[in-house]
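Chemist: For reference, the structure I am asking about is given below.
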Amino acid sequence: MPDFAWNDSYSVGDEEFDSHHKQLIRYIQILDDPGEQADLDFLRAIVDGLVAYTNYHFSAEEVVMRETDYPGLDRHLAQHAEFVDKATRFRDDFRDGAVTVGDEILDYLKLWLVKHILTEDRGFTRYREKTLAAS
């Protein structure tokens with residue numbers, strides 16, 4: 052997935068969530084920058100930041116989903132949990148020196164995030180818009 056960057060087609064129509072998604076993309080862009088690959092301490096901080104920010108973003112999303120009684124909440128929570136588990140295992144393995152920031156993990160991060168934004172997050176914001184319009 053060359054030139055991974057935010058574009059307006061990723062927008063879910065919610066400024067806060069779009070801002071969060073942009074930040075997650077920034078973390079992945081830094082990890083994907085060959086110029087940053089030599090500084091392991093910096094990369095560790097970025098990987099830690101990615102996991103922490105992911106948890107922050109998912110928590111914020113989940114609060115709003117609960118407030119609106121989103122019927123897809125359980126599925127969404129399961130996807131979040133799966134991603135956090137994989138990202139946390141990657142972080143821990145990276146800290147231990149068992150893995151590097153390679154194409155496999157970068158492709159996973161990029162593809163998962165874009166797919167999740169375009170399907171799950173966009174589906175939720177559409178549901179929320181309809182719910183708000185009906186009330």
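In my numbering, the protein residues as written are 52 to 186.
Beta carbons: idealized from backbone N, C-alpha and C, even for Gly.
Could you check if Y78 is buried or exposed, using at least 16 other CB atoms within 10 Å of its CB as the buried criterion?
Modeler: Here residue 78 refers to the residue found at position 27 of the sequence shown. Its Cβ being crowded by 16 or more others within 10 Å, Y78 is buried.
Chemist: Under 7 Å, do T176 and D65 count as touching if we go by C-beta distance?
Modeler: Counted from its first residue, the sequence shown places residue 176 at position 125. Counted from its first residue, the sequence shown places residue 65 at position 14. The answer is yes: Cβ separation under 7 Å.
Chemist: V63 and R179: beta carbons closer than 7 Å?
Modeler: Here residue 63 refers to the residue found at position 12 when the sequence shown is read from its first residue. Here residue 179 refers to the residue found at position 128 when the sequence shown is read from its first residue. Not closer than 7 Å, so no.
Chemist: Express the C-alpha separation of G100 and W163 in angstroms, rounding to a whole number.
Modeler: As a first step, residue 163 must be located in the sequence shown, where it is residue number 112. As a first step, residue 100 must be located in the sequence shown, where it is residue number 49. Cα-Cα distance, rounded: 18 Å.
Chemist: Taking contact to mean at least 3 C-beta pairs separated by less than 8 Å, is the stretch 109-116 in contact with the stretch 80-96?
Modeler: Cβ pair count under 8 Å is below three, so no.
Chemist: If we count the other Cβ atoms within 10 Å of its Cβ and call it buried at 16 or more, is L160 buried or exposed?
Modeler: Working through the sequence shown from its first residue, we reach residue 160 at position 109. L160 comes out buried.
Chemist: Please classify Y121: does DSSP put it in a helix, a strand, or coil?
Modeler: If you number the sequence shown from 1, residue 121 lands on position 70. Coil.
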